[in-house]
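Enquirer: One structure, as C-alpha cells, below. Some questions next.
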Amino acid sequence: MSLLEVRNVSRSFQGLKAVDDVSFDVKEGSILGIIGPNGAGKTTLFNLVAGAITPQAGTVTLDGRDITGFAPHKVAQAGMVRTFQLMKPFGSVSVLENVAVAAMAAGTSRHDASKAAAQIVERVGLGRWRDLQSSGLPTAGLKRLELARALAVRPRVLLLDEVLAGLTPTERAPVMELLEALRAEDGVTLVFVEHIMAAVMRLSDSVLVLDQGRVLMSGSPQEVTSDPRVIEAYLGQEPTDVAT
Amino acid sequence: MRKTWIAGLALALPLALAACGGSTPPGTAGAGGATKAAGEAIKIGSLHPLSGSSAADGQQMDNAAKLAVEAINAAGGIKSMGGAKLELLSADSQGKPEVGQSEAQRLIQEGAVSIVGTYQSAVSQNVAAVAERNKVPFVIDVSSADAILAQGYKYSFRLQPSGTVLAEDGAQNLFDVSKAAGKPAKKIAILHEQGPFGTAIKDTFSKKAQSLGMTIGPVASYDAASVSDFTTQMAAVKASGSDVLMVAGYYRDGVLVANAVKTVKPGVNAVWGVANGAFDVPTFPGEVGAAGEGFFDSNYHLDGTNPDTQALMKTYQAKYKDQIRTAAVLSYDAVRVIADSLERSGSADPTKVRDAIAQTNLKSLIASKGPITFGPTGENEGAAPILMQVQSGKVVQTFPKEFAQTAPRYPATPAS
Amino acid sequence: MTEQIPSATAPTVAEGEGHTSSPRLWARVPWTRVAIGVGFFVVAIALAYLRAGNGDVVRQAVLTGILIGGVYGLVAMGLTLIFGVLDIVNFAHGAFLAVALYITVTMVSRLGVNPLVALFVAVPVMFLLGAGVQRFVLAGAMGKPLENQLLITLGLALLIDNVLLMSFGPNPQSVKLPGDTGVQIFGAVATVSRLLAFGVAIVLAALLYVLLQRTRLGTAIRAVAANEAGAQLVGIDTRRIYMATFAIGTACAGAAGVLVAPLVTIEPTTGELFNIIAFVVVVLGGMGNVIGALVGGLIIGLTEQLGALYFPGQSPLLSVFVVFVLVLFLRPQGLFGKAS
C-alpha cells in the first residue's frame with residue numbers, strides 16, 4: 123500500500139472539467155513530480171489533494187486513512203503539509219517564531235517547540251536570520267521559511283507548489299540539495315508541482331504528466347521527457363527552462 | 005485607507021445608530037379620520053422618548069398622560085361636547101429629532117387634535133414646526149430651550165418655565181437664601197454640560213449673578229454622554245476657593261458630581277443645582293447616599309403640598325409601582341390643559357382648540373407662582389422654579405415659603 | 516487579512532542582518548516609542564501645572580486619568596483583539612459590557628454579595644455568550660463584505676439594548692462597593708472602587724498578554740491574526756480560533772462591566788459610552804495591537820483629565836479629539852500599529 127493514494131479525483135468549475143479522473147500513488151520515501159503545460163490542471167489537482175478544494179469525485183487516502191474533503195488544517199494534522207506559491211509567513215514575528223508556531227500547532231510543548239524550531243531553522247539554512255522579522259526576508263529566504271514551517275509540523279508527505287519559482291539558478295541549487303537531503307535523511311515523501319524541467323529530472327523518482335485535466339502518462343523522468351506525446355503537449359508553449 | 009474609514013465610522017457611531025432607527029410605535033393606530041362625529045373619541049397625541057437613554061422619564065410621562073385621560077373620561081369626558089371621551093395616541097420619539105418629526109406627522113394624520121411632548125429640546129423644536137405647518141396645537145410639557153418659542157409660532161405652548169426663567173430665578177434664589185442665612189454667596193464655580201441646555205443655563209445664570217454682585221469662576225464644561233469622573237474638576241474648584249458650586253446637567257452626571265464631591269471635598273458652602281436633572285429626583289439620595297446630603301436644586305417641581313398632586317402621586321404609585329417624577333406631572337397637566345380647552349371651545353377643531361388654549365387659566369399640579377396662563381409667545385407665565393434640598397436622605401421643598409415643606413439649610417457643606 | 520499580530524514586536528531589520536540573541540518567544544517592547552510617550556506626558560503634565568498653577572489639581576488629574584485609563588484599556592483590549600483576529604469592528608462591544616452591568620446588579624440585589632464577586636459569574640457567562648454569538652450569528656458573515664459584519668454587530672447592539680430595556684426597565688440602577696471611601700495617594704484622592712477597578716483591570720490585561728504570548732492557544736490566535744491561510748497550513752483550526760477570540764474579547768468587556776458597575780449609573784444605554792471611547796482607544800493604539808490598546812487607554816484617560824485643566828471652559832472631549840487627530844496625522848496606523 124502506498125503512503126498517498128489518489129483515486130479518480132475530478133473537479134469541474136462552471137461546467138469545465140479542470141481535473142478529470144486523475145489517479146496516482148506515491149510510495150513512502152519517494153519523490154513525485156507533477157508537470158504539464160499551462161492550464162493542465164496541476165494547481166487544481168494540487169489543491170484537491172491538499173484539501174483547499176473538495177473533489178467532486180474520487181478519494182484521497184493518506185496512510186490508509188480517507189482524507190477526502192478534509193479542511194486544510196485537518197489535512198495538515200493528518201500529516202500532509204503543503205507550501206504556497208504566494209508565501210504566507212507570519213510577517214511581524216521572527217523567523218524562529220514562525221517555525222515555533224508551526225511546531226506548537228502540531229502538538230509540541232511550548233518549551234520544546236523553540237528548541238525544535240531552532241534545529242529546523244538551521245537545517246534549512248536560515249540560522250543566520252532566525253531572529254529577523256520574517257517580513258524582512260528576501261524571496262529565497264521566504265521559500266526556505268515555508269519549508270521550515272512545513273517541516274515543523276512533522277509531515278509524512280510534503281506538497282510543494284512551485285517551490286523553485288522566482289529563484290535565480292544560483293538560488294535553486296541549494297534548495298534542491300535541501301530537498302534531496304530531506305528525502306534521504308529524514309525520509310520525507312515529496313510531491314511537487316514544477317515548471318523547471320531540470321529540477322524535475324534531477325529530483326523525481328517518478329513523474330506524472332497532466333494535460334487538459336487528464337493524466338497523459340506517468341513514468342520515470344527519462345521515459346516521460348522522451349515521450350513524443352509529452353513533447354507534443356508542450357509544443358506551442360513558451361519554453362520554460364527546459365535546458366539548463 | 006480602510007483604517008481611516010473605520011475610525012471615522014467609529015466616531016460617527018451615534019449618528020449611525022440614529023440612522024438605523026425607525027420604530028413601530030406602541031400606540032394605537034387610529035382610523036385616520038378628520039372630522040369628529042358625536043360620541044367618537046377625541047384623539048390626543050403623546051410623543052415622548054419611550055426608548056433610548058431618556059426612556060425612564062419618557063415612559064413615566066406617557067403613563068401620566070394616560071392617567072390624565074382616564075381621570076377625565078371617568079369624570080364624564082368633555083361635557084360641552086356631549087360627554088365625548090378622550091383617547092390617547094402614544095408615540096416613541098426615541099429621543100431623536102427626525103423620528104419625533106415623523107411621529108408627530110403621523111399622529112396628526114391619525115386625527116390627533118393636539119400633541120403633548122416631547123422632553124428633548126431638539127425634538128420639540130422639530131415638532132413645533134410640524135404643529136405650526138399643520139395648524140395643530142402642541143403643548144410642551146418638558147423642553148427648556150428658549151429658541152423653540154422665539155420664532156413667532158402660534159400653535160406651540162410650553163408649561164415648564166423657560167431656560168431663561170430657570171437660570172435667572174436660580175441666581176436670585178441663591179442670592180436670597182445665602183443672604184438670609186448670613187453667608188452671602190460671593191464666588192460661584194460653575195460645572196455645566198456642554199450642550200445648548202447647559203450652556204444656556206450657564207450664560208444666563210452668570211449674567212444674573214453678576215448683576216446681583218456675585219463673581220463667577222472657575223467655569224468647567226463636560227460632555228454628558230461620555231463623562232465618567234469629576235475628581236479633577238472638583239480639585240480645581242477646591243483650589244479656586246469658590247464658596248458655591250453651581251451644577252447644570254442631567255441625572256447620570258449629577259450622580260457622578262455627588263460622588264466626586266464626596267471624594268475630593270471641595271469645601272464649598274453649597275452645591276447649587278439649576279434645572280439639574282439629578283438633585284431633585286427621588287432616587288438621587290438613595291443612589292448617592294450621604295454624598296448628596298444638602299444638595300440644592302432650583303428647578304420646576306411637582307407641588308408636594310398640593311392635595312391634588314398628592315392624590316396623583318398615590319394613584320401613579322398604585323398603578324405603576326413607581327414614584328412619579330416632575331416631568332410626568334407636567335405631562336398630566338398638559339393633558340388637563342387640552343381637556344380644559346376642549347371644554348371651553350366646545351369643538352374638536354384644532355384651530356379652535358388652539359385659541360382656547362391661549363385663554364387658559366388653570367391651577368397647576370406643579371409648584372408655580374400663579375395659575376397656568378400663556379403669554380403672547382406661548383410661555384407659561386405662572387411657571388417658576390422652586391428651591392429643593394436633599395435633607396436627611398429625602399428631597400424636600402424649601403423655598404419660597406408658600407411651597408416650603410421645611411426651611412432651607414444654608415450653608416450645607418457637603419458631607420465629609 | 517491584516518498582517519497584525521496582537522502584541523508588540525521589534526521594528527523591521529534590514530535584509531541580511533540579524534540578531535544573535537537567544538531564541539525567545541517573547542515579543543519585544545519598542546523602548547524608543549515608550550520613551551517618547553513618557554517624555555510627551557512629562558511635558559504635558561508640566562504644561563498643565565503652569566496652566567492650573569496648582570500642584571494638587573494636576574496631581575489629581577494625573578491620578579484620575581491613569582485610574583480611568585486602565586479600565587478604558589481593558590475594554591479596548593477586548594475590542595482590538597477581536598479586530599486583529601476576525602477583522603470585525605464589533606459595535607456590540609459596549610452592549611456586552613452593559614449585559615455584565617446588569618448581571619452585577621442582579622447578583623447584588625438577589626444575593627447581596629460584594630459587586631466584585633460578580634466577576635466570577637459575569638466573565639464565564641460573557642465568554643460563553645461571545646462564543647455563541649460568534650458561532651451562530653457571525654460565523655456565516657466571515658469572508659463576506661465588511662459591511663455585512665458591521666451591520667450585524669450594529670443590529671446586535673440595538674437588540675441587546677432593547678432586551679435589557681424590556682427586562683430591567685429604563686429606571687437607573689446602582690450598586691455600591693461596601694466600605695467605599697476616599698484614599699489619599701501622593702496628595703490626590705481616589706475612591707477604593709476606582710482603585711480596585713484599575714488594579715483588577717491591569718491584572719486581567721497582564722493575564723491576557725501572558726495568554727497571548729505564552730500559551731498554545733495564544734500563539735494560535737496570533738498566528739491566525741497574522742496570516743489566516745498560513746495558520747491553516749500548519750494545522751490550526753481557524754474557526755475554533757475565531758470563536759475563542761471573540762469569546763475572550765467579550766469576556767474582557769464583561770470584566771470591565773463588573774469593575775465599573777459601582778462607578779456608573781446603570782441604564783440599558785450605559786454601554787454606549789464605553790463603546791465610543793473604546794473605538795477611539797483602539798484606533799489610537801493601533802488596530803489589533805493589545806499593548807497599544809492598554810497604552811492608548813491610559814493616554815486617553817490622562818488626556819481627558821489634563822484636558823479639563825488646559826481648556827476648562829471646553830469639554831475634555833476636545834482635548835481627546837485633538838490628541839486623536841494629532842496621533843493619526845503623524846502615525847496613521849496608530850501608536851503601535853504596523854504600517855500597511
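Chains as they are written, first to last, in my numbering: chain A, 123 to 366; chain B, 5 to 420; chain C, 516 to 855.
C-beta: ideal position from N, C-alpha, C; glycine also.
Taking the beta strand (DSSP E) that C/N742 falls in, what are its first and last residues?
Expert: The sequence position of residue 742 of chain C within the third sequence is 227, counting from 1. Unbroken run through C/N742: none, as it is neither H nor E.
Enquirer: Under 8 Å between beta-carbons, which chain B residues line up against C/I792? List them in chain order, please.
Expert: Locating residue 792 of chain C in the third sequence gives position 277, where the first residue counts as 1. By Cβ distance, chain B contributes S230.
Enquirer: With a cut-off of 8 Å, does the C-beta of B/I295 fall near any C-beta of chain C?
Expert: In the second sequence, counting from the first residue as 1, residue 295 of chain B sits at position 291. The sequence as given places Ala at residue 295 of chain B; Ile does not occur at that position. Not one chain C Cβ lies under 8 Å of B/A295.
Enquirer: Using 10 angstroms around the beta-carbon of B/W422, count the other beta-carbons present and answer buried if the total reaches 16, otherwise exposed.
Expert: Outside the modelled stretch of chain B, which goes from 5 to 420, sits residue 422 of chain B, for which no answer is possible.
Enquirer: In whole angstroms, what is the alpha-carbon distance linking C/V835 and C/E819?
Expert: Position 320 of the third sequence, counting from 1, holds the residue named residue 835 of chain C. Position 304 of the third sequence, counting from 1, holds the residue named residue 819 of chain C. Answer to the nearest angstrom: the Cα atoms are 6 Å apart.
Enquirer: Step through the CB atoms of chain C and report whether any lies within less than 8 Å of the CB of A/P241.
Expert: The residue given as residue 241 of chain A occupies position 119 in the first sequence. Contrary to the premise, residue 241 of chain A reads as Gln rather than Pro in this sequence. Not an interface residue.
Enquirer: Determine, using beta carbons only, whether C/D602 comes closer than 8 Å to chain A.
Expert: Here residue 602 of chain C corresponds to residue number 87 of the third sequence, with the count starting at 1. No, because no Cβ of chain A sits closer than 8 Å to the Cβ of C/D602.
Enquirer: Could you give the distance in angstroms between the alpha-carbon of C/V838 and the alpha-carbon of C/I792?
Expert: One-based indexing of the third sequence puts residue 838 of chain C at position 323. One-based indexing of the third sequence puts residue 792 of chain C at position 277. Distance between the alpha carbons of C/V838 and C/I792: 13 Å.
Enquirer: Please tell me whether A/H195 has its Cβ less than 8 Å away from any Cβ of chain C.
Expert: Your numbering for residue 195 of chain A matches position 73 in the first sequence. By this cut-off, A/H195 is an interface position.
Enquirer: Would you mind working out which of B/G298, B/A295, B/T330 and B/T417 sits nearest B/L306, comparing C-alpha positions?
Expert: Counted from its first residue, the second sequence places residue 306 of chain B at position 302. Taking only the C-alpha atoms, the option nearest B/L306 is B/T330.
Enquirer: Just to confirm the assignment, what range does the beta strand (DSSP E) spanning B/S148 have?
Expert: As a working note, residue 148 of chain B is residue 144 in the second sequence. Counting along the chain, B/S148 falls outside any beta strand (DSSP E), and DSSP gives it neither H nor E.
Enquirer: Could you please tell me which residues of the segment 737-748 of chain C, in chain order, have their CB closer than 7 Å to any CB of chain A?
Expert: Hits within the stretch, in order: A738, A741, N742, A744, G745, Q747 and L748.
Enquirer: Please list, in chain order, all residues of the same chain as C/G593 whose beta carbon is under 6 Å from its beta carbon, the five residues on each side excluded.
Expert: The residue labelled residue 593 of chain C in the question sits at position 78 within the third sequence. Cβ neighbours of C/G593 beyond the five flanking positions: G764, C767 and A768.
Enquirer: Taking 8 Å as the cut-off, decide whether the C-beta atoms of C/V604 and C/F598 are in contact.
Expert: Numbered from 1 along the third sequence, position 89 holds the residue referred to as residue 604 of chain C. Numbered from 1 along the third sequence, position 83 holds the residue referred to as residue 598 of chain C. Result yes, Cβ atoms of C/V604 and C/F598 sit closer than 8 Å.
Enquirer: In the DSSP assignment, the alpha helix (DSSP H) including B/K242 goes from what residue to what residue?
Expert: Taking the first residue of the second sequence as 1, we reach residue 242 of chain B at position 238. Run containing B/K242: T235 to S244, per the alpha helix (DSSP H) assignment.
Enquirer: Could you have a look at A/R133 and say whether DSSP puts it in helix, strand or coil?
Expert: The residue you call residue 133 of chain A lines up with position 11 of the first sequence. If DSSP states are grouped into helix, strand and coil, A/R133 belongs with the strands.
Enquirer: Taking 8 Å as the CB-CB limit, is C/Q519 close to chain B?
Expert: Stepping through the third sequence from its first residue, residue 519 of chain C is reached at position 4. With a pLDDT of only 39 at C/Q519, under 50, the local geometry of the prediction cannot be trusted, and no value is derived from it.
Enquirer: Rounded to the nearest angstrom, what separates B/Q327 and B/D353 at their Cα positions?
Expert: Residue mapping note: residue 327 of chain B aligns to position 323 of the second sequence, counting from 1. Residue mapping note: residue 353 of chain B aligns to position 349 of the second sequence, counting from 1. Those two C-alpha atoms are separated by around 36 Å.
Enquirer: Beta-carbon separation of A/A321 and A/M298 under 8 Å?
Expert: On the first sequence, position 199 is the one that residue 321 of chain A refers to. On the first sequence, position 176 is the one that residue 298 of chain A refers to. Yes, these two residues count as a Cβ contact at 8 Å.
Enquirer: Grab me the residues of B/G31's own chain with a C-beta within less than 6 Å of its C-beta, minus the 5 sequence neighbours each way, in chain order.
Expert: Indexing the second sequence from 1 puts residue 31 of chain B at position 27. In this predicted model, B/G31 has a pLDDT of only 38, less than 50, meaning its place in the structure is not dependable; the value taken from the coordinates is given anyway. For B/G31, where only same-chain residues beyond five positions count, the Cβ hits under 6 Å are L93, S94 and A95.
Enquirer: I want to know whether the segment 159-174 of chain B touches the segment 292-308 of chain B - three or more CB-CB distances under 8 Å.
Expert: With the cut-off at 8 Å, the segment 159-174 of chain B and the segment 292-308 of chain B touch.
Enquirer: Among the residues of its own chain, which have a CB less than 6 Å from the CB of A/D327, if the five just before and after it don't count?
Expert: Indexing the first sequence from 1 puts residue 327 of chain A at position 205. S152 and I153, listed in sequence order.
Enquirer: Just list the residues that DSSP pairs B/D301 with in beta bridges.
Expert: Counted from its first residue, the second sequence places residue 301 of chain B at position 297. BP columns for B/D301 point to B/G277 and B/M392.
Enquirer: Express the C-alpha separation of B/N67 and B/D180 in angstroms, rounding to a whole number.
Expert: For the purposes of this step, residue 180 of chain B is taken as the residue at position 176 of the second sequence. For the purposes of this step, residue 67 of chain B is taken as the residue at position 63 of the second sequence. Going from the Cα of B/D180 to the Cα of B/N67 covers about 37 Å.
Enquirer: Mind listing the chain B neighbours of C/P630? Cutoff is C-beta to C-beta under 7 Å, in chain order.
Expert: Translated into positions along the third sequence, residue 630 of chain C becomes position 115. Those do not exist, as C/P630 stays about 14 Å from chain B at its closest Cβ, beyond 7 Å.
Enquirer: In or out: B/T219 buried (at least 16 other Cβ within 10 Å) or exposed?
Expert: As a first step, residue 219 of chain B must be located in the second sequence, where it is residue number 215. By the neighbour-count rule (16 or more Cβ atoms within 10 Å), B/T219 is not buried but exposed.
Enquirer: Which stretch, first to last residue, makes up the alpha helix (DSSP H) that contains B/S128?
Expert: If you number the second sequence from 1, residue 128 of chain B lands on position 124. Taken as a continuous stretch (DSSP letters only), the alpha helix (DSSP H) holding B/S128 covers S125 to N138.
Enquirer: How about B/I370 and B/D337: do their beta carbons lie closer than 8 Å?
Expert: As a first step, residue 370 of chain B is located in the second sequence; it is residue number 366 there, counting from the start. As a first step, residue 337 of chain B is located in the second sequence; it is residue number 333 there, counting from the start. Their beta carbons are under 8 Å apart, which means B/I370 touches B/D337 by this criterion.
Enquirer: According to DSSP, is A/K139 helix, strand or coil?
Expert: Taking the first residue of the first sequence as position 1, residue 139 of chain A is located at position 17. Three-state result, A/K139: strand.
Enquirer: Output yes if chain C places a C-beta closer than 8 Å to the C-beta of B/A108; else output no.
Expert: As a working mapping, residue 108 of chain B is identified with position 104 in the second sequence. It does not; no Cβ of chain C falls within 8 Å.
Enquirer: Output yes or no for whether 8 Å exceeds the beta carbon distance between B/Q113 and B/N130.
Expert: By one-based count along the second sequence, residue 113 of chain B stands at place 109. By one-based count along the second sequence, residue 130 of chain B stands at place 126. Not a contact, by the Cβ cut-off of 8 Å.
Enquirer: So is the beta-carbon of B/T236 under 7 Å away from any non-hydrogen atom of the ligand MG?
Expert: With respect to the ligand MG, the structure shown offers nothing to examine, as it has no ligands at all.
Enquirer: Using 8 Å as the cut-off, can you tell me whether the segment 771-778 of chain C makes contact with the segment 698-712 of chain C, which would need three or more C-beta pairs spanning the two stretches below that distance?
Expert: Touching, yes, given that three or more Cβ pairs across the two stretches are closer than 8 Å.
Enquirer: How far does the beta strand (DSSP E) with B/V251 in it extend, from its first residue to its last?
Expert: Translated into the one-based positions of the second sequence, residue 251 of chain B becomes position 247. Start and end: V248 to A252.
Enquirer: If contact means a Cβ-Cβ distance below 7 Å, which residues of the segment 48-67 of chain B contact chain C?
Expert: So the list reads S55, G56, S57, A59, A60 and Q63, given in the order they occur along the chain.
Enquirer: Counting only the same chain and skipping the five closest in sequence on each side, list residues whose C-beta sits under 6 Å from that of B/G49.
Expert: Taking the second sequence and counting its residues from 1, the one referred to as residue 49 of chain B is at position 45. Excluding residues within five positions, the ones whose Cβ falls inside 6 Å are L93, L111, A116 and I119.
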